[in-house]
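Taking the numbering used here, I'd label the letters of the sequence shown as residues 26 to 786. Since the structure comes first, as structure tokens, the remarks are kept for the end.
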Amino acid sequence: MTPRHALRIRVRGIVQGVGFRPFVYRAASRHGIAGHVLNGDEGVEIHAEGAPEDLARFAEEIRSSPPPAARISAFEAEPAGVSGAASFAILGSEKRAAPTVRVAPDLPVCAACLAEMRDPADRRHGYPYVNCTDCGPRFSVIEGLPYDRPRTTMKSWPLCERCRGEYEDPLDRRFHAQPVACPACGPHFAYLSGTRRLAGDAAAVAAAAAALARGEIVAVKGIGGYHLACDAANAVAVLALRERKYRKERPFALLARDLATARGLCRLDAPAEELLVSAARPIVLAPARVGLPLVAPDTDELGLMLPYAPLHELLFDAGAPAVLVLTSANRSSEPIAYRDEDALRSLAGIADGFLVGERPIARRVDDSVARAGAFGPVVLRRGRGYAPAPAATFPDGPPVLATGADLKNAVTLVVGGQAFVSQHIGDLDHEPARVAFHETLRDLCAMWEVAPEVLIVARDLHPDYVSSRAAREITAARHVALQHHRAHVASVLAERGAWDARVVGFAWDGTGYGDDGTIWGGEVFAGCVAGGFERVAHLRPAVLPGGDAAALYPPQAAAGFLAQLDLAGDLSGAPFLFPERFARALDLARRDVRCFPTTSVGRLFDAAAALCGFVREISYEGQAAAWLEQLARRGAAGRDYPLPWAAQGLDFRPLLAALVEERRRGADPAALARGFHEALASALVAGARRACEAAGTDVLVLSGGVFQNELLLRLVRDRLERDGGPQAWTNRAVPPNDGGISLGQAALAAFHPAAAAPCSS
Ligand code: ZN
Ligand code: ZN
Ligand code: FE
Numbered sequence: 026m027t028p029r030h031a032l033r034i035r036v037r038g039i040v041q042g043v044g045f046r047p048f049v050y051r052a053a054s055r056h057g058i059a060g061h062v063l064n065g066d067e068g069v070e071i072h073a074e075g076a077p078e079d080l081a082r083f084a085e086e087i088r089s090s091p092p093p094a095a096r097i098s099a100f101e102a103e104p105a106g107v108s109g110a111a112s113f114a115i116l117g118s119e120k121r122a123a124p125t126v127r128v129a130p131d132l133p134v135c136a137a138c139l140a141e142m143r144d145p146a147d148r149r150h151g152y153p154y155v156n157c158t159d160c161g162p163r164f165s166v167i168e169g170l171p172y173d174r175p176r177t178t179m180k181s182w183p184l185c186e187r188c189r190g191e192y193e194d195p196l197d198r199r200f201h202a203q204p205v206a207c208p209a210c211g212p213h214f215a216y217l218s219g220t221r222r223l224a225g226d227a228a229a230v231a232a233a234a235a236a237l238a239r240g241e242i243v244a245v246k247g248i249g250g251y252h253l254a255c256d257a258a259n260a261v262a263v264l265a266l267r268e269r270k271y272r273k274e275r276p277f278a279l280l281a282r283d284l285a286t287a288r289g290l291c292r293l294d295a296p297a298e299e300l301l302v303s304a305a306r307p308i309v310l311a312p313a314r315v316g317l318p319l320v321a322p323d324t325d326e327l328g329l330m331l332p333y334a335p336l337h338e339l340l341f342d343a344g345a346p347a348v349l350v351l352t353s354a355n356r357s358s359e360p361i362a363y364r365d366e367d368a369l370r371s372l373a374g375i376a377d378g379f380l381v382g383e384r385p386i387a388r389r390v391d392d393s394v395a396r397a398g399a400f401g402p403v404v405l406r407r408g409r410g411y412a413p414a415p416a417a418t419f420p421d422g423p424p425v426l427a428t429g430a431d432l433k434n435a436v437t438l439v440v441g442g443q444a445f446v447s448q449h450i451g452d453l454d455h456e457p458a459r460v461a462f463h464e465t466l467r468d469l470c471a472m473w474e475v476a477p478e479v480l481i482v483a484r485d486l487h488p489d490y491v492s493s494r495a496a497r498e499i500t501a502a503r504h505v506a507l508q509h510h511r512a513h514v515a516s517v518l519a520e521r522g523a524w525d526a527r528v529v530g531f532a533w534d535g536t537g538y539g540d541d542g543t544i545w546g547g548e549v550f551a552g553c554v555a556g557g558f559e560r561v562a563h564l565r566p567a568v569l570p571g572g573d574a575a576a577l578y579p580p581q582a583a584a585g586f587l588a589q590l591d592l593a594g595d596l597s598g599a600p601f602l603f604p605e606r607f608a609r610a611l612d613l614a615r616r617d618v619r620c621f622p623t624t625s626v627g628r629l630f631d632a633a634a635a636l637c638g639f640v641r642e643i644s645y646e647g648q649a650a651a652w653l654e655q656l657a658r659r660g661a662a663g664r665d666y667p668l669p670w671a672a673q674g675l676d677f678r679p680l681l682a683a684l685v686e687e688r689r690r691g692a693d694p695a696a697l698a699r700g701f702h703e704a705l706a707s708a709l710v711a712g713a714r715r716a717c718e719a720a721g722t723d724v725l726v727l728s729g730g731v732f733q734n735e736l737l738l739r740l741v742r743d744r745l746e747r748d749g750g751p752q753a754w755t756n757r758a759v760p761p762n763d764g765g766i767s768l769g770q771a772a773l774a775a776f777h778p779a780a781a782a783p784c785s786s
């Protein structure tokens with residue numbers, strides 16, 4: 026008889042809520058292994074006994090072919106004492122010290138569940154809450170760890186006998202699928218319209234689909250919050266949605282019935298399709314094939330997603346239009362509504378009907394936005410499907426909580442070497458977003474059971490940011506303030522775990538508080554995360570005349586740059602048509618009254634947009650730059666505007682002078698916009714080459730909101746490829762905009778813990 030050996034195996038990563046224990050059980054039965062598996066605080070723990078060769082094969086299978094949604098970050102196997110177990114068992118969850126386990130993001134409905142949902146003979150026929158261990162909600166239903174049904178929003182629906190049978194059968198697809206349910210025992214949907222309430226899943230879905238087909242606006246309770254839906258092809262419906270939602274121009278996302286429909290809407294290359302069908306099912310930005318000016322004004326790009334909730338599939342099956350606008354249900358710039366009472370109250374007057382499901386949503390998780398970009402796939406808004414998977418792995422150290430920046434806020438908690446980047450929260454100048462921000466901070470710390478006394482709290486250098494003030498309120502912690510643009514650069518390096526890599530980092534964005542208290546946004550750094558970053562160059566300083574309002578009016582921002590030029594003649598007449606506001610701002614700038622110095626490339630984009638014809642107020646952040654990019658995509662290439670590096674920084678004066686001059690002579694604004702992008706790309710590459718040489722590195726990091734500009738990235742990539750140059754590293758898992766700031770803050774704080782001090786204010 027072969028001697029019996031025993032192994033203790035620990036698996037860390039995304040291993041809970043993804044069917045890992047049943048997978049281990051099945052592998053154990055195949056290889057004749059006895060012992061047990063359980064969910065521990067740090068992941069999955071296995072005790073395995075059997076013949077040495079069987080044990081080896083068993084361990085290899087666990088390591089190399091885990092379930093599709095699992096992500097193994099660490100696998101340890103060590104010899105253990107033989108206990109003589111007779112069979113293999115799945116034990117309940119073990120609760121010990123603070124949990125460092127990872128929570129899985131929400132998963133899209135799987136093919137097997139869809140087949141059941143569409144099979145009239147199946148007991149889950151037409152059931153909107155169908156799910157299994159391979160699919161369904163996770164983060165949006167979890168109330169605590171470890172992940173077990175009593176700690177989910179499904180706790181109020183006891184399993185019926187048949188569901189319990191599936192839940193307890195290790196060989197069943199629903200073995201320990203925590204949100205498992207069926208029409209007999211689980212929650213249901215209803216349709217509310219006026220005073221009418223239509224109960225029953227099939228009737229409710231049919232009523233909602235019919236309302237959508239009639240051109241009505243329907244609020245639909247989804248996975249991470251409520252959406253507002255309407256027929257994308259119905260201009261009256263889309264216009265009504267814009268008016269009722271106070272959303273003037275910002276593009277709406279679309280839900281396409283299937284991939285074939287999506288292909289009809291957009292030109293999708295292989296990487297874009299891969300993103301569309303990926304487990305995260307993000308909104309994917311891609312070039313439009315069809316014009317939908319009310320859905321996405323002033324742009325040739327559409328934001329598309331595919332169905333991910335069983336409910337979406339049911340709506341299309343019931344005759345909903347094949348392309349729906351599907352936008353977060355909220356008033357403009359507020360966080361997505363996710364509690365029933367809030368949604369019904371705040372959406373009254375916007376939605377004609379409500380498709381409401383009974384399963385509560387534990388926390389709001391907005392749809393993610395991604396793009397298959399010039400340097401690979403990039404997440405532009407991190408939400409459902411990505412959060413709360415760790416975005417980076419850190420070396421061991423004390424827990425760090427980073428509070429991010431005030432625009433596009435997201436926060437990061439680093440615990441047990443994992444950097445958990447929260448879902449997108451929003452702009453903290455809005456009260457509801459502030460509430461959401463505080464909820465998320467509490468939620469993260471509660472979920473991973475981190476006490477403030479052990480925390481290092483990282484915040485932005487800006488003393489008046491809401492996120493900075495909130496950080497200072499955590500008085501028991503040690504604190505450190507990080508410069509915004511260094512955090513942008515560090516976010517890219519954190520994603521790669523490149524702590525010692527010496528790089529040149531370009532941080533170009535709209536606004537960030539600089540070391541000297543001025544507004545930065547066109548910065549070049551040299552250094553590394555572990556050693557710190559030195560500012561080696563920047564945009565030549567301009568001013569913001571009249572302060573923050575300059576960010577709302579491109580001509581006002583333009584005045585802060587054009588004041589340094591000899592403008593022959595004024596710009597109020599054709600072709601510029603600058604409003605009165607410009608002349609007043611120019612006067613302020615020339616007299617240096619109420620002016621704030623800035624090196625912001627974002628504002629330089631605004632100035633160029635104004636010169637190319639964007640002379641009104643913007644209605645959402647970054648609009649003028651997005652408009653300029655779209656204009657440039659239509660413009661002829663080949664203009665070569667000067668944009669030299671000088672002692673005082675990247676000198677924008679000859680570039681803007683050329684734009685003024687050419688426009689005055691009647692040149693096509695699209696060609697000017699294109700030329701502006703080319704000039705920036707050329708200057709970036711030239712500056713990067715020089716800075717890399719001086720710093721002795723061949724790695725260039727690009728981060729900051731400006732690098733959401735796909736045209737600029739492509740022009741940079743083409744130049745680097747054509748002429749040779751440093752390799753470029755960009756963000757992938759967290760956004761290059763301020764949604765990625767908290768990860769960079771956390772990285773800098775983790776590597777400079779000595780800089781952290783008790784709170785002084
Ligand atoms: Zn499934
Ligand atoms: Zn049931
Ligand atoms: Fe920024």
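Glycine is no exception: its CB is placed at the ideal position from the N, C-alpha and C atoms.
- Around the beta carbon of R699, 16 or more other beta carbons sit within 10 angstroms, so the residue counts as buried.
- Within the chosen limit of 7 Å, ligand 1 reaches the beta carbon of A137 through at least one heavy atom.
- P570 sits close to L613, with the two beta carbons spaced by under 8 Å.
- The beta carbon of L738 sits closer than 7 Å to those of G398, A399, F400 and F732, all from its chain and outside the five residues before and after it, given in chain order.
- Within the same chain, Cβ atoms closer than 7 Å to the Cβ of P415 are found at R127, Q443, A444 and F445, the five residues on either side in sequence being excluded.
- Those residues placing their Cβ nearer than 7 Å to any heavy atom of ligand 2 are, following chain order, L184, C185, R187, C188, A206, C207, A209, C210 and G211.
- The segment 338 to 409 is shown to contain whole alpha helix (DSSP H) runs of 4 or more residues at 365 to 372, in chain order.
- With respect to the 8 Å criterion, L705 and L668 are classified as neighbours on the basis of their beta carbons.
- Within the same chain, T722, V724 and V726 come within 6 Å of V528 by CB-CB distance, once the 5 residues on both sides are set aside.
- DSSP places Q733 in the helix class (H, G or I) of the three-state scheme.
- In this model, L196 and R187 are separated by some 14 Å (Cα to Cα).
- The alpha helix (DSSP H) runs lying completely inside the segment 163 to 231 and spanning 4 residues or more are 186 to 193, given in chain order.
- For the pair H509 and W545, the CB atoms are nearer than the 8 Å cut-off.
- One Cα belongs to V107, the other to E78, and the distance between them is close to 16 Å.
- Within the segment 52 to 106, the complete alpha helix (DSSP H) runs of at least 4 residues fall at 77 to 89.
- Between the alpha carbons of A140 and D342 lies a gap of roughly 13 Å.
- The closest CA to that of A102, considering only G429, P208, V404 and F83, is found on F83.
- Residues A215 of the same chain have their beta carbon placed closer than 7 Å to that of R222, with the five preceding and five following residues left out of the count.
- DSSP, read as helix, strand or coil, puts G764 in helix.
- A distance criterion of 7 Å places the beta-carbon of G316 beyond contact range of ligand 1, judged by its closest non-hydrogen atom.
- Judged by beta-carbon spacing, S728 lies within the 8 Å limit of V517, meaning their Cβ atoms are closer than that value.
- Your pair V243 and A254 checks out as a contact, with CB atoms roughly 5 Å apart and the cut at 8 Å.
- Distances from the CB of D159 to the heavy atoms of ligand 1 include at least one below 7 Å.
- Around the C-beta of V618, fewer than 16 other C-beta atoms lie within 10 Å, and the residue is accordingly described as exposed.
- In terms of Cβ geometry, I87 and V49 form a close pair [threshold 8 Å].
- Boundaries of the alpha helix (DSSP H) around C138: A136 to M142.
- In terms of Cβ geometry, R314 and R282 do not form a close pair [threshold 8 Å].
- Burial is judged here by how many other beta carbons sit within 10 angstroms of a residue's own beta carbon; E268 has fewer than 16 and is exposed.
- The three-state reading of DSSP puts L564 in strand, counting E and B together.
- For K273, the secondary structure class from DSSP, reduced to helix, strand or coil, is coil.
- Taking a contact as a CB-CB distance under 8 Å, the pair P130 and G410 counts as one, their CB atoms being some 5 Å apart.
- The Cβ atoms of A334 and G247 lie closer than 8 Å to each other.
- Counting other Cβ atoms within 10 Å of its Cβ, D665 stays below 16 and is therefore classed as exposed.
- Contact between the segment 577 to 594 and the segment 744 to 755 is absent, with fewer than three C-beta pairs closer than 8 Å.
- Residue pairing by DSSP places D256 opposite L349 in a beta bridge.
- Within the same chain, Cβ atoms closer than 7 Å to the Cβ of G522 are found at A417 and T418, the five residues on either side in sequence being excluded.
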